[in-house]
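Engineer: First the structure, then my questions, so here it is.
In the working numbering, the protein residues as written are 198 to 478.
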């Protein structure tokens, strides 16, 4: 009898924990590959600005694009409260990563897998359609330490030239998400190289049930522009190519185009996108 009561109490406690709300700060950040010949904006001259930008954002998860291994290591060396996950998109081990930074005192990765945006997603370095470069995504199932809740997180970078590759690439991501537990919330970040609201990748993501944090958030900060060319925003029409998307019992509290700079020097050639998300009970 005592054992039965104990099991009932344990089940009730587990249910109560699982039902707790989870608040997250999620950022998408194209850091510009560290070997680019960018002169005054080359990585050695901006690497600490990148670290300071991440620190100021105070995000729990940061999806990095164009990240080389030495860049991820530099960021984490300056911010030891984070750890990173990622692999080279190229078989030689020297390519860009869709690396993910996460706050270790809040989140634990319990499953990590990488797939390529091609007709053979399981083949490292595979390339298809009109893609100009190898493209990939990193998928992580995280557990929120305080509540025990799980969610699926994906970070990606679509091709900058191939229109078909972008459309097919988001399709690969949506199909890979179908392999995951459908009960879990989903968060997707990336540089999609396509305008939100006016492109096939965005439309396809919406058709798959994903929602755009910038569109959904009641509070917005910064311009609806995410390509910076290492300079301040100049205005003009909406041009958001970096997105934070989500699906499931998730809502957006705010979404911000991060304009962090130090004396006019910007950390990269994109403006990071920071979103406050709530995973409802």
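Positions of the beta carbon are idealized from the N, C-alpha and C atoms, including for glycine.
When the Cα of residue 374 is compared with those of 389, 361, 402, which residue comes out closest?
Structural biologist: Measuring from the Cα of residue 374, the nearest candidate turns out to be 402.
Engineer: What are the start and end residues of each continuous alpha helix (DSSP H) run of 4 or more residues lying completely inside the segment 226-290, in chain order?
Structural biologist: The segment 226-290 contains these whole alpha helix (DSSP H) runs: 240-254, 266-275.
Engineer: Would you mind stating whether residue 339 and residue 285 have Cβ atoms separated by less than 8 Å?
Structural biologist: Not a contact, by the Cβ cut-off of 8 Å.
Engineer: Could you pull out every residue in the same chain whose Cβ sits closer than 7 Å to the Cβ of residue 291, ignoring the five residues on either side in sequence?
Structural biologist: Cβ neighbours of residue 291 beyond the five flanking positions: 285.
Engineer: Could you tell me the alpha carbon to alpha carbon distance between residue 251 and residue 385, rounded to whole angstroms?
Structural biologist: Residue 251 and residue 385: Cα-Cα distance of roughly 18 Å.
Engineer: For residue 336, tell me which candidate among 225, 296, 391, 434 has the shortest Cα-Cα distance.
Structural biologist: Taking only the C-alpha atoms, the option nearest residue 336 is 296.
Engineer: Round the Cβ separation of residue 222 and residue 256 to the nearest angstrom and send it over; I've been treating them as touching at under 8 Å.
Structural biologist: With a Cβ gap of about 4 Å, residue 222 and residue 256 count as contacting.
Engineer: If you check the beta carbons only, do residue 439 and residue 388 fall under 8 Å apart?
Structural biologist: Their beta carbons are under 8 Å apart, which means residue 439 touches residue 388 by this criterion.
Engineer: At a threshold of 7 Å, does residue 413 count as lining the ligand ZN (C-beta to nearest heavy atom)?
Structural biologist: Ligands displayed in this structure: none; no statement on the ligand ZN is therefore possible.
Engineer: DSSP beta-bridge partners for residue 482?
Structural biologist: Any answer about residue 482 is impossible in this case: the structure gives the chain only from 198 up to 478.
Engineer: Report yes if the C-beta distance between residue 398 and residue 217 is below 8 Å; otherwise report no.
Structural biologist: For residue 398 and residue 217, no; Cβs fall outside 8 Å.
Engineer: Rounded to whole angstroms, what's the CA-CA distance from residue 448 to residue 259? Just pull it up for me.
Structural biologist: Roughly 18 Å between the two C-alpha positions.
Engineer: Under 8 Å, do residue 381 and residue 473 count as touching if we go by C-beta distance?
Structural biologist: No, the pair does not count as a contact, with Cβ atoms beyond the cut-off.
Engineer: Is the segment 417-433 in contact with the segment 456-472, if contact means three or more CB pairs nearer than 8 Å?
Structural biologist: Taking 8 Å as the limit for Cβ pairs, the verdict is that the segment 456-472 does touch the segment 417-433.
Engineer: Please classify residue 461 as buried or exposed, where buried requires at least 16 neighbouring CB atoms within 10 angstroms.
Structural biologist: It is exposed - the Cβ of residue 461 has fewer than 16 other Cβ atoms within 10 Å.
Engineer: Need the endpoints of the beta strand (DSSP E) that residue 337 sits in, please.
Structural biologist: It spans 333-341 - the beta strand (DSSP E) in which residue 337 sits, taken as one unbroken run.
Engineer: CA-CA distance, residue 360 and residue 316?
Structural biologist: Looking at the two C-alpha atoms, the distance is approximately 15 Å.
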